[in-house]
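Peer 1: Per this note's numbering, residue 12 is the first one in the sequence shown, and the count goes up by one each step.
For glycine and all other residues, C-beta sits at the position ideal for the given N, C-alpha and C.
Here's a structure for you.
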Amino acid sequence: MTTIDTTPIGLLSGKVVLITGASRGIGAAAARLFAREGAAVGL
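Pasting the structure below:
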């Protein structure tokens, strides 16, 4: 069985992301992922 490493590596450090519709669903999941990678997230 293959395992996938999901440890954040900071690919988006110093970047700003603006997400509309982030209160639930895909938008909320995307906001969490961007933040985990180091981006400043605006909702």
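Going by other Cβ atoms of all chains shown within 10 Å of its Cβ, with 16 needed for buried, is V27 buried or exposed?
Peer 2: By the 10 Å Cβ count, V27 comes out exposed.
Peer 1: Would you kindly work out how many angstroms separate the C-alpha atoms of L44 and T13, rounded to a whole number?
Peer 2: In a straight line, the C-alpha of L44 is about 22 Å away from that of T13.
Peer 1: I'd like to know whether the C-beta atoms of E48 and G25 end up nearer to each other than 8 Å.
Peer 2: No, these two residues do not count as a Cβ contact at 8 Å.
Peer 1: Return the first residue and the last residue of the alpha helix (DSSP H) that A51 is part of.
Peer 2: No alpha helix (DSSP H) holds A51; the beta strand (DSSP E) holding it covers A51 to G53.
Peer 1: The alpha helix (DSSP H) that contains L44, what's its start and end?
Peer 2: Its alpha helix (DSSP H) spans residues G36 to R47.
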